[in-house]
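S.K.: One structure, as structure tokens, below. Some questions next.
Residue numbers (this note's numbering), protein chains in the order written: chain A, 1 to 261; chain B, 262 to 489.
As structure tokens, then:
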């Protein structure tokens, strides 16, 4: 096996990188892929919480890099999916504890044992971001349909082009179809038009995402959740399937019976 | 001392250290430099460094690898000076400065002696947020100029795409400079000393030309002009 290294980046904070890493990791692992997620947000770790693995951390990324433990010892197996692993970030250090070449070495060591390595990038475009993209074969840029998130995504895509990291793919998160319809939110077309890169996922706004994150139970395992389905679709597209984008405009039965628009 | 000291010169400047690497065998030069840094790590740690690489033509991979090696040693590389235009472009792509002091665009500088009047810089778009083009002649962009991007030209600016960033034409005082774009909606538009922002537009956009008329910045549809 030779894993593909996937980094999820956004520039702006709070657009949903960590939630996406957890859900795409879960979705891929639920399809029989071997997945290792790495939290590169050293000092502000969250991925362990979203995956519900917080209480199992013994060693972390910095311990591996500084040689205090073997790589295997820092890999936490998910409690639901045996093919999903997490390498957590250190909470007591900062971004300068890791360098881009450390990340390349770490991923090279992981590659033979997995299908996917998914790296959660910190917000910003400084050292932490450069660490996160150093080993990436492919970068997914995440944005929300608002002007500042799109502006930052544009900057990140520009930096990736400058670093010759190949064409980025775009995920639009927290789309609210009703607001788009009213003209109060940028539409998928507006965002895609400006950023001009391949679109790989559209995730609708969904309150249950927050609930799931707090509980440490990723939504991708919930077949009733639209956001969960969107993450499943991204994982299938990553595996090379052609999946059409979900129809987010469709109304449910009740709305149709009430004749709402 | 030894031969490496003749290749590597270190000078203190206002913004940190200016290090000149002379020689053309880039890999050797880098390893000599890194070795030099390792030998005196306490001196270099935490330094802000501007690097003069002379005529070396450097690509993204070479420059970013050096930047990463330096940052691992606690050194921040903020500028790369070079005689090679390839290296300058690379440095700009990586977000590094290519001059020690930021030249003020409106400052009346001596026009470059050898720049012919019709010289233009060709930029392949899209020019994204954070991208910056600074050129003493005309600038032609093939693609969109996104919000957050900046073009400063001594002459005119032509954008074959949507212009939504900041553009300054005639930055050295040329009032005959024009700005044209397939969709002219810049965050801010400057020609010579005049500044304007785009009015909110309704309806379908069309190609437009902006120029200075009697000291006023005006934008006109392209069709009307070609009818003249």
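For every residue, glycine included, the Cβ atom is placed at its ideal position computed from N, Cα and C. Computed from a predicted structure; not experimentally measured.
Which residue wins for smallest C-alpha separation from residue 452 of chain B, given the options B:381, B:479 and B:406?
M.R.: When only C-alpha atoms are compared, the closest one is B:479.
S.K.: Does residue 277 of chain B get closer than 9 Å to chain A when you measure Cβ to Cβ?
M.R.: No, residue 277 of chain B does not count as interfacial toward chain A.
S.K.: Residues of chain A with a CB under 7 Å from the CB of residue 407 of chain B: which are they?
M.R.: What residue 407 of chain B touches in chain A: 154 and 194.
S.K.: What does residue 393 of chain B touch in chain C if you count any residue whose Cβ is under 7 Å from its own?
M.R.: This model lacks chain C altogether; the protein chains it does include are A and B.
S.K.: I'd like the list of long-range same chain contacts for residue 262 of chain B, defined as Cβ closer than 8 Å, with 5 residues on each side in sequence excluded.
M.R.: For residue 262 of chain B, the predicted model reports a pLDDT of 44, less than 50, meaning its position is unreliable and no value from the coordinates is stated.
S.K.: Quick one: list the residues of chain A neighbouring residue 329 of chain B, beta-carbon separation under 8 Å, in chain order.
M.R.: Those within 8 Å of residue 329 of chain B in chain A are 99, 100, 101, 130 and 134.
S.K.: Could you confirm whether any beta carbon from chain A is found closer than 9 Å to the beta carbon of residue 313 of chain B?
M.R.: Closer than 9 Å: no.
S.K.: According to DSSP, is residue 192 of chain A part of a helix, a strand, or is it coil?
M.R.: It is helical.
S.K.: Apply the 10 Å Cβ neighbour rule to residue 348 of chain B and answer buried if 16 or more other Cβ atoms are within range, or exposed otherwise.
M.R.: Under this definition residue 348 of chain B is a buried residue.
S.K.: Please work out which residues of its chain come closer than 6 Å, Cβ to Cβ, to residue 352 of chain B, disregarding the five sequence neighbours upstream and downstream, and give them in chain order.
M.R.: Hits under 6 Å: 341 and 359.
S.K.: To the nearest angstrom, report how far apart residue 103 of chain A and residue 447 of chain B are at their CA atoms.
M.R.: One C-alpha to the other measures close to 40 Å.
S.K.: Tell me, to the nearest whole angstrom, how far the beta carbon of residue 198 of chain A is from that of residue 177 of chain A; I am working on the premise that it is less than 8 Å.
M.R.: Contact doesn't hold; Cβ gap of about 22 Å is too wide.
S.K.: Ignoring anything shorter than 3 residues, give me the beta strand (DSSP E) runs that lie fully in the segment 279-307 of chain B, in order along the chain.
M.R.: The segment 279-307 of chain B contains no whole beta strand (DSSP E) run of 3 or more residues.
S.K.: Going by beta-carbon coordinates alone, are residue 89 of chain A and residue 108 of chain A separated by less than 9 Å?
M.R.: Cβ atoms of residue 89 of chain A and residue 108 of chain A: not closer than 9 Å.
S.K.: Measuring alpha carbon to alpha carbon, tell me which residue in A:239, A:206 and A:212 is nearest residue 227 of chain A.
M.R.: Nearest option by C-alpha distance: A:206.
S.K.: For residue 437 of chain B, count the other beta carbons within 10 Å of its own beta carbon; 16 or more makes it buried, fewer makes it exposed. Which is it?
M.R.: It counts as exposed.
S.K.: Cα-Cα, which of A:136, A:101 and A:28 is closest to residue 83 of chain A?
M.R.: Selected option, being the one with the closest Cα: A:28.
S.K.: Do residue 96 of chain A and residue 127 of chain A have their C-beta atoms closer together than 9 Å?
M.R.: The answer is yes: Cβ separation under 9 Å.
S.K.: Find the nearest neighbour of residue 470 of chain B within the set B:297, B:274, B:485 and B:412, judged by alpha-carbon distance.
M.R.: For the residues B:297, B:274, B:485 and B:412, the minimum Cα distance to residue 470 of chain B belongs to B:485.
S.K.: Per DSSP, residue 430 of chain B forms a beta bridge with which residues?
M.R.: Looking at the DSSP assignment, residue 430 of chain B forms a beta bridge with B:452.
S.K.: Using the rule of at least 16 other Cβ atoms within 10 Å of the residue's Cβ for burial, across every protein chain shown, is residue 420 of chain B buried or exposed?
M.R.: Label assigned to residue 420 of chain B: buried.
S.K.: Which one of A:183, A:161 and A:146 has the shortest CA to CA distance from residue 174 of chain A?
M.R.: Comparing Cα positions, the closest option is A:146.
S.K.: Check the Cβ of residue 387 of chain B against every Cβ in chain A and list those closer than 8 Å, keeping chain order.
M.R.: What residue 387 of chain B touches in chain A: 196.
S.K.: Could you pull out every residue in the same chain whose Cβ sits closer than 6 Å to the Cβ of residue 119 of chain A, ignoring the five residues on either side in sequence?
M.R.: 7, 38, 40 and 132, listed in sequence order.
S.K.: Return the residue from the list A:158, A:86, A:194 and A:161 that minimises the CA-CA distance to residue 25 of chain A.
M.R.: Out of A:158, A:86, A:194 and A:161, A:86 has the C-alpha closest to the C-alpha of residue 25 of chain A.
S.K.: Please confirm if the segment 151-170 of chain A is in contact with the segment 59-78 of chain A, defined as three or more CB-CB distances below 8 Å between the two stretches.
M.R.: These segments do not touch.
S.K.: Whose Cβ in chain B lies nearer than 7 Å to the Cβ of residue 158 of chain A?
M.R.: Ordered by position in chain B, the residues that pass the 7 Å Cβ test against residue 158 of chain A are 389, 390, 391 and 392.
S.K.: Could you name the residues of chain B that residue 127 of chain A contacts, counting a contact when the two beta carbons are closer than 8 Å?
M.R.: Residues of chain B passing the Cβ test: 332.
S.K.: Give the residues of chain A in contact with residue 355 of chain B, contact being defined as C-beta atoms less than 9 Å apart.
M.R.: 159, 162 and 163, listed in chain order.
S.K.: Quick one: which chain B residues come within Cβ less than 7 Å of residue 151 of chain A?
M.R.: By Cβ distance, chain B contributes 390, 408 and 409.
S.K.: In three-state DSSP terms, what is residue 272 of chain B?
M.R.: Residue 272 of chain B falls in the strand class under three-state DSSP.
S.K.: Can a CB atom of chain B be found closer than 9 Å to the CB of residue 96 of chain A?
M.R.: Chain B contact via Cβ: present.
S.K.: Leaving out five residues before and five after residue 93 of chain A in sequence, what residues of the same chain have Cβ atoms less than 8 Å from its Cβ?
M.R.: Cβ within range, chain order: 42, 43 and 62.
S.K.: Spell out the partners DSSP gives residue 116 of chain A in its beta bridges.
M.R.: Per DSSP, A:4 and A:35.
S.K.: Between A:66, A:121, A:236 and A:81, which has its C-alpha nearest residue 105 of chain A's C-alpha?
M.R.: Among A:66, A:121, A:236 and A:81, the Cα nearest to that of residue 105 of chain A belongs to A:66.
S.K.: Look up residue 277 of chain B in the DSSP assignment and give the residues it is bridged to.
M.R.: Residue 277 of chain B pairs with B:274.
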